[in-house]
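Take a look at the structure set out below.
There are 2 protein chains.
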Amino acid sequence: MRYGSIEAGGTKFVCAVGDDDFNIVDSVHIPTTTPEETLAKVVEYFKKFDHIDAFGIASFGPIDVRKDSDKYGWIIKTPKKGWSNVNFVGTMKREFGVPVYWTTDVNGSAYGEYIKRRQSNNKIEAVSYITDGTGIGAGTVINDEFLGVRGTPEFGHIRVKRHRDDMDFDGICPYHGDCLEGVASGPTFEARNNIKGQDTPPDDPVWNIIAYYVAQGVISLTVNFRPDQIVLGGGVCTPQFVEKVRDQFNLLFDNYLDVGPLDEYISRPVVPHNGSATFGDFVLAKKALDESKK
Amino acid sequence: MRYGSIEAGGTKFVCAVGDDDFNIVDSVHIPTTTPEETLAKVVEYFKKFDHIDAFGIASFGPIDVRKDSDKYGWIIKTPKKGWSNVNFVGTMKREFGVPVYWTTDVNGSAYGEYIKRRQSNNKIEAVSYITDGTGIGAGTVINDEFLGVRGTPEFGHIRVKRHRDDMDFDGICPYHGDCLEGVASGPTFEARNNIKGQDTPPDDPVWNIIAYYVAQGVISLTVNFRPDQIVLGGGVCTPQFVEKVRDQFNLLFDNYLDVGPLDEYISRPVVPHNGSATFGDFVLAKKALDESKK
Numbered sequence: 571m572r573y574g575s576i577e578a579g580g581t582k583f584v585c586a587v588g589d590d591d592f593n594i595v596d597s598v599h600i601p602t603t604t605p606e607e608t609l610a611k612v613v614e615y616f617k618k619f620d621h622i623d624a625f626g627i628a629s630f631g632p633i634d635v636r637k638d639s640d641k642y643g644w645i646i647k648t649p650k651k652g653w654s655n656v657n658f659v660g661t662m663k664r665e666f667g668v669p670v671y672w673t674t675d676v677n678g679s680a681y682g683e684y685i686k687r688r689q690s691n692n693k694i695e696a697v698s699y700i701t702d703g704t705g706i707g708a709g710t711v712i713n714d715e716f717l718g719v720r721g722t723p724e725f726g727h728i729r730v731k732r733h734r735d736d737m738d739f740d741g742i743c744p745y746h747g748d749c750l751e752g753v754a755s756g757p758t759f760e761a762r763n764n765i766k767g768q769d770t771p772p773d774d775p776v777w778n779i780i781a782y783y784v785a786q787g788v789i790s791l792t793v794n795f796r797p798d799q800i801v802l803g804g805g806v807c808t809p810q811f812v813e814k815v816r817d818q819f820n821l822l823f824d825n826y827l828d829v830g831p832l833d834e835y836i837s838r839p840v841v842p843h844n845g846s847a848t849f850g851d852f853v854l855a856k857k858a859l860d861e862s863k864k
Numbered sequence: 571m572r573y574g575s576i577e578a579g580g581t582k583f584v585c586a587v588g589d590d591d592f593n594i595v596d597s598v599h600i601p602t603t604t605p606e607e608t609l610a611k612v613v614e615y616f617k618k619f620d621h622i623d624a625f626g627i628a629s630f631g632p633i634d635v636r637k638d639s640d641k642y643g644w645i646i647k648t649p650k651k652g653w654s655n656v657n658f659v660g661t662m663k664r665e666f667g668v669p670v671y672w673t674t675d676v677n678g679s680a681y682g683e684y685i686k687r688r689q690s691n692n693k694i695e696a697v698s699y700i701t702d703g704t705g706i707g708a709g710t711v712i713n714d715e716f717l718g719v720r721g722t723p724e725f726g727h728i729r730v731k732r733h734r735d736d737m738d739f740d741g742i743c744p745y746h747g748d749c750l751e752g753v754a755s756g757p758t759f760e761a762r763n764n765i766k767g768q769d770t771p772p773d774d775p776v777w778n779i780i781a782y783y784v785a786q787g788v789i790s791l792t793v794n795f796r797p798d799q800i801v802l803g804g805g806v807c808t809p810q811f812v813e814k815v816r817d818q819f820n821l822l823f824d825n826y827l828d829v830g831p832l833d834e835y836i837s838r839p840v841v842p843h844n845g846s847a848t849f850g851d852f853v854l855a856k857k858a859l860d861e862s863k864k
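Below you can see the structure in the form of structure tokens.
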């Protein structure tokens with residue numbers, strides 16, 4: 571079998587081909603330009619291979635995942651210029667005629683982590699994955715199913731208690747100002763201090779402020795779902811930052827519920843090299859293939 | 571068939587007997603005193619009937635609902651004096667020897683609303699129920715299952731953005747101070763103004779402040795689960811208050827996701843006379859009975 575993975579992001583598409591054991595046999599990065607150009611390159615890449623048996627696609631969005639919708643498989647009214655109402659799944663189906671599993675970027679990562687963590691501990695039933703980068707999102711897998719009924723979660727837009735040393739910052743979410751994404755996503759470093767996150771010294775107090783907000787996101791997932799483990803991914807979530815989130819979680823949550831050892835409960839991805847979504851996509855591609863045979 | 575419902579609250583137990591169609595044939599209120607006295611009266615009440623075929627119990631807590639736990643069916647370390655480590659399900663099983671469905675008070679209400687709403691609209695897959703009274707909690711039913719993996723949700727303890735006219739109020743949660751329950755539960759009226767909620771005039775600005783917080787809870791459920799409908803119950807949630815929550819939701823969420831008509835999305839219970847939990851318990855009792863026959 572050959573599985574295709576597309577991790578479709580706002581700046582690049584990571585395409586990869588996996589084997590029966592979900593090992594990567596080839597991969598490529600394609601810059602995200604116009605939908606026509608980008609998807610043409612994606613199709614061209616996968617056509618180089620003899621055959622692809624199924625695809626797993628984890629896409630930026632918002633996307634339509636409601637199976638009974640006319641726009642199922644589409645990227646819908648996204649702020650990313652030119653990409654609204656792009657029929658992504660339709661394009662792949664037309665070109666390759668094979669099963670496609672279609673979900674959000676962060677769900678792909680969540681699924682990869684869920685599968686990998688279950689391989690070493692089969693008592694794990696639920697994993698949430700928070701990504702903090704250009705935006706903030708979360709995906710949750712409970713007993714092999716993604717959470718989200720009317721549509722995919724939009725976790726980045728929960729409200730948070732403002733940090734007392736950050737009250738003058740209005741936040742950058744165009745819809746809500748100071749929702750979680752508006753005060754704790756990567757671009758908020760520069761919006762506050764004119765210095766990008768990656769150039770901000772680790773002892774700058776802004777890291778604690780952002781960890782204070784992300785810890786509130788962890789609390790939200792904890793009390794709402796009671797997942798087994800929460801993964802922190804994305805560019806903001808360096809090892810030092812994740813340690814700060816654990817500290818703030820301890821301070822804010824005051825051991826209210828037993829979540830087990832904190833370094834297991836809140837941790838970075840276990841799939842190496844930012845590969846959670848690619849690995850998840852391969853397994854989801856297999857799932858789509860298996861379901862198509864039923 | 572005769573189904574028994576116990577809605578076990580911190581001030582009273584509402585016990586009821588239902589028929590095949592889940593109509594109430596008899597009911598009684600028993601004050602919550604010591605566990606020995608209260609449970610003895612509960613047992614005595616149900617023993618008056620020829621037979622009870624199964625029970626549905628919706629209990630205050632925290633409770634243990636993990637089937638593989640030694641304390642399954644217990645009320646565990648609750649702040650309510652004398653009620654920690656009470657084996658509620660064990661008592662009922664010993665006395666009656668029939669199947670018992672065991673869940674939280676708010677899950678019982680959520681289930682009753684879920685079933686009743688599906689009877690008039692079978693497209694509904696997920697309903698969340700928020701109760702705002704002595705405390706704040708939420709229960710969510712998705713495709714006939716309760717949400718909550720490691721344990722039951724503790725929704726009241728999410729953090730919220732503080733209202734600018736309420737910054738001096740520290741909140742009353744003994745664990746977290748100003749979590750949602752700490753700033754928006756019933757007793758916060760008196761903690762702020764020395765006047766109980768039911769005696770606070772409807773035009774007092776504190777109602778808007780509390781609606782501002784509860785609306786953030788609605789946003790949390792919305793973006794985390796994308797449920798079809800959210801029910802607001804409990805003593806604080808008068809019709810006027812629910813209208814204020816809709817207004818605050820509109821202001822805070824800015825139409826970010828399509829949730830449909832707001833008076834359907836956010837509404838008071840459709841089961842009349844505070845009966846959501848009793849109705850839910852009857853259906854859950856039947857579910858326990860059906861499962862015991864498999």
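If you're matching them up, the sequences are chains G and S in order. For the first sequence, the working numbering assigns the number 571 to the initial residue and increments by one for each residue that follows. For the second sequence, the working numbering assigns the number 571 to the initial residue and increments by one for each residue that follows. Ideal Cβ positions, reconstructed from N, Cα and C, are used throughout, including at glycine.
Item                                                                                                                                                                                      : Value
Answer with yes or no whether the minimum CB distance from residue 723/G to chain S is below 9 Å.                                                                                         : yes
Here's the rule I'm using: 16 or more other beta-carbon atoms within 10 Å means buried, otherwise exposed. How should residue 746/G be labelled?                                          : buried
Is residue 719/S close to chain G? Criterion is C-beta to C-beta, closer than 9 Å.                                                                                                        : yes
Going along the segment 782 to 805 of chain S in order, which residues come within less than 7 Å of chain G, judged by CB to CB distance?                                                 : 786, 789, 790, 793, 794, 795, 796, 797, 798
Near residue 623/S, which residues of its chain fall below 7 Å by C-beta distance, leaving aside the five closest residues on each side in sequence?                                      : 571, 572, 573, 668, 859
Among the candidates 728/S, 834/S, 826/S, 771/S, whose CA atom is the shortest distance from the CA of residue 806/S?                                                                     : 771/S
For residue 731/S, return the contacting residues in chain G, with the cut-off set at a CB-CB distance below 8 Å.                                                                         : 729, 730, 731, 732, 748
Taking the runs of the beta strand (DSSP E) that are 3 residues or longer, which of them lie wholly in the segment 674 to 736 of chain G?                                                 : 696 to 702, 706 to 712
Assuming residue 724/G and residue 612/S make a contact with CB atoms under 8 Å, what is their CB distance in whole Å?                                                                    : Not a contact, Cβ separation roughly 43 Å.
Within 9 Å (strictly less), CB to CB, does residue 699/S reach chain G?                                                                                                                   : no
Tell me where the alpha helix (DSSP H) around residue 617/S begins and ends.                                                                                                              : 605 to 617
Return the residue from the list 767/S, 759/S, 727/S that minimises the CA-CA distance to residue 786/G.                                                                                  : 727/S
Near residue 751/G, what residues of its chain come up, given a Cβ to Cβ distance below 7 Å and the 5 sequence neighbours on each side ignored?                                           : 705, 706, 726, 727, 743
Let me check understanding here. Comparing Cα to Cα, which of 655/S, 684/S, 673/S, 581/S lies closest to residue 601/S?                                                                   : 581/S
For the structure I just gave you, are there three or more beta carbon pairs, one from the segment 834 to 845 of chain G and one from the segment 629 to 647 of chain G, closer than 8 Å? : no
Report the option in 760/S, 634/S, 679/S, 609/S whose CA atom is closest to the CA atom of residue 842/S.                                                                                 : 679/S
Per DSSP, what kind of secondary structure is residue 777/S in: helix, strand or coil?                                                                                                    : helix
Could you run through the segment 823 to 837 of chain S and flag, in chain order, every residue whose CB is less than 7 Å away from some CB of chain G?                                   : 824, 826, 827
Taking a cut of 8 Å between CB atoms, which residues from the segment 743 to 770 of chain G lie near chain S?                                                                             : 745, 746, 748
Using the beta-carbon of each residue, which ones in chain G are nearer than 7 Å to residue 695/S?                                                                                        : 719
With 9 Å as the threshold, decide whether the Cβ of residue 874/G is near any Cβ in chain S.                                                                                              : Lying before the first or after the last residue shown, residue 874/G is absent from chain G, which here runs from 571 to 864.
Going along chain G in order, which residues have a C-beta closer than 7 Å to the C-beta of residue 712/S?                                                                                : 719
In angstroms with no decimal places, state the Cα-to-Cα distance between residue 827/S and residue 655/G.                                                                                 : 16 Å
Thinking C-alpha only, which one of 604/G, 636/G, 689/G is nearest residue 651/G?                                                                                                         : 604/G
Determine whether the Cβ of residue 726/S lies closer than 9 Å to any Cβ atom of chain G.                                                                                                 : yes
Along the beta strand (DSSP E) that carries residue 626/S, what are the first and last residues, could you check?                                                                         : 624 to 629
Can you tell me whether residue 852/G is buried or exposed? The criterion is at least 16 other CB atoms within 10 Å of its CB, across all chains shown.                                   : buried
Residue 575/S and residue 847/S - do their beta-carbons sit closer together than 9 Å?                                                                                                     : yes
Using DSSP bridges, identify the partner residues of residue 587/S.                                                                                                                       : 574/S, 596/S
Using a Cβ-Cβ cut-off of 7 Å (strictly less than) and excluding sequence neighbours within five positions of residue 653/S, which residues of its own chain qualify?                      : 605, 645
From what residue to what residue does the beta strand (DSSP E) around residue 840/S run?                                                                                                 : Segment: none, residue 840/S is in no beta strand (DSSP E) and carries neither H nor E.
Which word fits residue 830/G, buried or exposed, when buried means at least 16 other C-beta atoms lie within 10 angstroms of its C-beta?                                                 : exposed
What is the DSSP secondary structure of residue 803/S, counted as helix, strand or coil?                                                                                                  : strand
With respect to the alpha helix (DSSP H) encompassing residue 853/G, which residues constitute its N-terminal and C-terminal limits?                                                      : 846 to 862
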